[in-house]
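J.: I am attaching a structure below and will ask some questions about it afterwards.
In the numbering used here, the protein residues as written are 4 to 112.
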């Protein structure tokens, strides 16, 4: 996902409150994963590296599974995203609330 149009599509999905299906490479699992998510935020993350890195932040509807401590948030570098499709499903921002006190989320960087 390195094109301006793809980034615009992500930002438009946030504005329109539409869910997305994202395919990304997980460094942790060493394979591509598919998730249905709500796009939350897009921007540079200075804490990742000295130069900053483009990050896409999602609410992962699969979220925390039994036995996991990660919250529902999913933070990806833009270069990890293989594809993203905007779905005809809407999300309500009020449903994007972590049900755990652990809000660190998952980062597959």
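Idealized CB from N, CA, C, for every residue including glycine.
Whose C-alpha, out of 11, 79, 95 and 97, is nearest the C-alpha of residue 25?
T.: As a working note, residue 25 is residue 22 in the chain shown. Of 11, 79, 95 and 97, the residue nearest in Cα terms is 79.
J.: Once you ignore the five residues that flank residue 13 on each side, which residues in its own chain have a CB closer than 7 angstroms to its CB?
T.: As a first step, residue 13 is located in the chain shown; it is residue number 10 there, counting from the start. If we look at residue 13 and ignore the five residues flanking it on each side, its Cβ neighbours are 42, 45, 59 and 87.
J.: Quick check: the Cα distance between residue 36 and residue 85, rounded to an integer number of angstroms?
T.: In the chain shown, the residue the question calls residue 36 occupies position 33. In the chain shown, the residue the question calls residue 85 occupies position 82. Approximately 10 angstroms between the Cα atoms of the pair.
J.: Beta-carbon within less than 6 angstroms of residue 92's beta-carbon, same chain only, minus the 5 sequence neighbours each way: which residues are those?
T.: Taking the chain shown and counting its residues from 1, one reaches residue 92 at position 89. Correct list, in chain order: 22.
J.: In whole angstroms, give me the CA-to-CA distance for residue 89 and residue 16.
T.: Translated into the one-based positions of the chain shown, residue 89 becomes position 86. Translated into the one-based positions of the chain shown, residue 16 becomes position 13. Going by the C-alpha atoms only, they are around 7 angstroms apart.
J.: What are the partner residues of residue 59, as DSSP defines its beta bridges?
T.: The residue labelled residue 59 in the question sits at position 56 within the chain shown. DSSP, once it has assigned bridges, lists 45 and 79 as partnering residue 59.
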